[in-house]
Amino acid sequence: MPAGPMNPKLQRQYRAKRTRKAQQKPSKTSKPQTPAQRNAPAASKNGKRPLAVREEDPELKRRRLATITGAPGAPDPDPSPEPGAVDDDDESDGVQPKNPAWAQSAWLLDANCDEDTRIATGTQEMYDGSRVLVRYTSEYPNQTRILTYGVVYRNVPLEDRPGQCQDEYNADVEAEELWLRWCDHFPEIEDHLDYLADNPALVLIIGRFVNAVAAKVRSDDLGRLNQRIIGLSGIEDPKDILQVKSNRGWEDVRTARLLCPLRYLKNLDANPNAFLGHVRNFRVKLFTLDYPSMMYDMSLVDPDDAEAGFLRSPLLVKYYKTIMTGRSSVFNSGGGPTRGQRSLASRYELDYVSIHSIVYIALLARSALTDHEWSDVDGKFWKAEDFLDSIMRLAYSSPDWFTDTMAWWNKEIYGHDDELDSETEREMEGSAFYVIMSQRKAHGKNAVYNNVDDNPDDNGGDNTGSDHDPEDQPVASGSVAPSRFPAVSLSDLDVVF
1 MPAGPMNPKL
11 QRQYRAKRTR
21 KAQQKPSKTS
31 KPQTPAQRNA
41 PAASKNGKRP
51 LAVREEDPEL
61 KRRRLATITG
71 APGAPDPDPS
81 PEPGAVDDDD
91 ESDGVQPKNP
101 AWAQSAWLLD
111 ANCDEDTRIA
121 TGTQEMYDGS
131 RVLVRYTSEY
141 PNQTRILTYG
151 VVYRNVPLED
161 RPGQCQDEYN
171 ADVEAEELWL
181 RWCDHFPEIE
191 DHLDYLADNP
201 ALVLIIGRFV
211 NAVAAKVRSD
221 DLGRLNQRII
231 GLSGIEDPKD
241 ILQVKSNRGW
251 EDVRTARLLC
261 PLRYLKNLDA
271 NPNAFLGHVR
281 NFRVKLFTLD
291 YPSMMYDMSL
301 VDPDDAEAGF
311 LRSPLLVKYY
321 KTIMTGRSSV
331 FNSGGGPTRG
341 QRSLASRYEL
351 DYVSIHSIVY
361 IALLARSALT
371 DHEWSDVDGK
381 FWKAEDFLDS
391 IMRLAYSSPD
401 WFTDTMAWWN
411 KEIYGHDDEL
421 DSETEREMEG
431 SAFYVIMSQR
441 KAHGKNAVYN
451 NVDDNPDDNG
461 GDNTGSDHDP
471 EDQPVASGSV
481 APSRFPAVSL
491 SDLDVVF
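One point on numbering: in the UniProt record's numbering, the residue at position 224 of the sequence shown is 224, and numbering is uninterrupted.
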């Protein structure tokens with residue numbers, strides 16, 4: 001039986017076994033007596049009156065004989081049954097798991113065991129699911145609390161849960177959001193909520209297991225990103241100086257610019273060496289709430305609009321793809337098949353982006369660009385957990401911004417083959433076609449009909465009885481086919497490339 005709380009039936013059996021052992025405990029042996037001593041009356045010792053000799057109980061005699069010969073005895077009755085007790089067959093043993101194999105494996109979860117052990121104990125699928133789960137939640141939320149939230153409110157309507165009726169981002173809102181990620185990625189968790197409610201110790205085991213897996217996953221992902229961050233960032237490093245991690249961060253202006261908050265970029269550009277020295281000597285304070293420039297699309301940054309470009313960074317998209325959809329997806333925008341090991345997205349059929357997963361990648365990238373190893377705290381004013389919390393508060397306080405941002409990310413990462421990401425759109429708008437169309441618009445040469453009805457024929461627009469399809473009719477000189485090409489940008493394009 002898996003380690004866990006003992007049910008009442010086993011407790012009674014355990015007590016009965018202890019009672020039998022106590023009854024079968026042999027008494028101390030005494031020296032053999034002479035015939036005279038056996039026939040003589042029992043003498044009192046220390047002035048005490050002798051005890052009356054009592055005939056041995058037949059039942060005890062039978063048990064002693066069974067013990068000596070090894071023959072099985074009759075079953076013992078339930079010792080000291082409590083008033084109102086029911087028979088074992090009529091008593092419930094608690095909530096039973098929907099899948100007993102799942103429950104057995106869950107009790108055996110151990111984040112430190114190797115793959116062979118996980119396969120033998122049936123915990124490999126839970127381990128794999130947890131590795132995906134923590135990438136969608138990051139390692140900072142308390143996973144035990146999230147699981148507890150899901151168990152406690154399992155039968156409560158969504159609109160009545162505490163995470164659905166809050167004015168600001170807090171632990172309940174976090175638990176409500178991340179519980180959905182548990183349902184997506186931890187195997188069979190929703191099928192066993194009643195069983196978990198009946199076995200709270202198992203909730204603690206699973207929660208601690210997922211938290212422990214999170215640290216391992218972060219270490220693995222950071223190792224991959226550490227090796228590739230310089231190339232992914234488009235930094236030219238012909239002498240491979242930045243391949244040595246201690247040369248990164250505020251030791252080199254190339255990596256420093258990606259780590260620098262927007263408000264300090266002018267200072268960095270004006271006097272790079274002096275500014276780097278000020279940061280290294282802590283004369284410039286870097287706060288958790290100052291987001292690095294690598295989290296912005298710098299082409300969209302607007303001094304009058306603090307949100308412009310935030311979390312729309314092409315670099316952050318590359319970092320995300322490297323971890324989630326595979327390195328080849330960074331350079332294969334066409335979405336065609338690639339060789340090599342399957343990506344996480346392909347292996348586990350991932351098709352969405354979460355705000356926590358974006359922040360998770362941003363934290364990995366920040367660490368990879370610095371000159372030191374991973375740390376939850378960097379200096380006096382920066383903490384990774386507060387970094388995550390601040391972005392969650394921004395997202396929760398502006399639903400429209402959050403919705404637009406997530407739609408943009410899902411298109412960038414998991415868009416269909418007929419959709420173009422923002423970087424590809426910008427590159428395509430520099431093609432000859434768009435340059436010509438822009439020039440025509442500037443000179444007033446590209447007047448087009450938006451649809452066929454805007455181009456009336458000689459019959460006042462009535463084409464009844466015509467043998468030709470209206471779309472086959474020639475268009476005015478100097479124009480193009482209606483509704484076929486945009487005037488300037490891809491945002492106006494109706495045709496799918």
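By construction, the Cβ of each residue, glycine as well, lies at the ideal position given by its N, Cα and C atoms.
Everything numeric in this text was worked out from a predicted model, so none of it was measured.
**Proximity of Ile146 and Ala175 at Cβ, strictly below 7 Å** = yes
**Asked** Are residue 499 and Gly207 close, meaning C-beta to C-beta below 7 Å?
**Response** Outside the shown range of the chain (1 to 497) lies residue 499, about which nothing can therefore be said.
**Asked** Run through DSSP, which three-state label would Asp160 get?
**Response** helix
**Request:** Would you be able to state if there are at least three C-beta pairs under 8 Å between the segment 305 to 317 and the segment 405 to 417?
**Result:** yes
**Three-way DSSP call (helix, strand, coil) for Leu253 in this model** = The sequence given here places Val at residue 253; Leu does not occur at that position. Residue state, collapsed to three classes: helix.
**Alpha carbon of Ser343 to alpha carbon of His192, nearest angstrom** = 30 Å
**Prompt:** Closest by CA to Met295, which one among Lys318, Thr121, Arg181 and Phe433?
**Reply:** Lys318
**Prompt:** At a cut of 8 Å, does the segment 363 to 371 reach the segment 245 to 255 through at least three beta carbon pairs?
**Reply:** yes
**Reduced DSSP category for Lys245 - H, G, I as helix; E, B as strand; rest coil** = helix
**7 Å Cβ shell around Pro337 - same chain, five flanking residues per side excluded** = Low confidence applies to Pro337: its pLDDT is 46, below 50, so where it sits in the model is not reliable enough to give any reading.
**Request:** From the DSSP output, in three-state form, read off Val377 for me.
**Result:** strand
**Message:** Whole angstroms are fine: how far does the CA of Leu133 sit from the CA of Tyr140?
**Reply:** 12 Å
**Item:** Of the listed residues His185, Leu286 and Trp250, nearest to Val377 (C-alpha basis)
**Value:** Leu286
**Request:** State whether the segment 206 to 223 contacts the segment 118 to 132, with contact taken as three or more CB pairs (one from each stretch) at a distance under 8 Å.
**Result:** yes
**Asked** Can His443 and Thr137 be called in contact, C-beta distance under 7 Å?
**Response** no
**Asked** At which residues does the alpha helix (DSSP H) containing Asn271 begin and terminate?
**Response** Note, Asn271: premise wrong, no alpha helix (DSSP H); not H, not E.
**Asked** Once you ignore the five residues that flank Val86 on each side, which residues in its own chain have a CB closer than 6 Å to its CB?
**Response** Annotation note: pLDDT 43 at Val86 (below 50); position unreliable, no value reported.
**Request:** For Ile241, I'd like the list of residues in its chain whose CB is within less than 6 Å of its CB, leaving aside the five on either flank, ordered along the chain.
**Result:** Asn247
**Asked** Which residue's Cα is closest to the Cα of Tyr127: Cys260, Arg154 and Ala212?
**Response** Ala212
**Prompt:** Between Met324, Arg263, Leu364 and Asp110, which lies nearest to Tyr348 when the distance is taken from Cα to Cα?
**Reply:** Met324
**Asked** Under a three-way DSSP split, which group does Asp237 fall into?
**Response** coil
**Prompt:** Between the C-alpha atoms of Ser329 and Ser397, what's the straight-line distance to the nearest angstrom?
**Reply:** 33 Å
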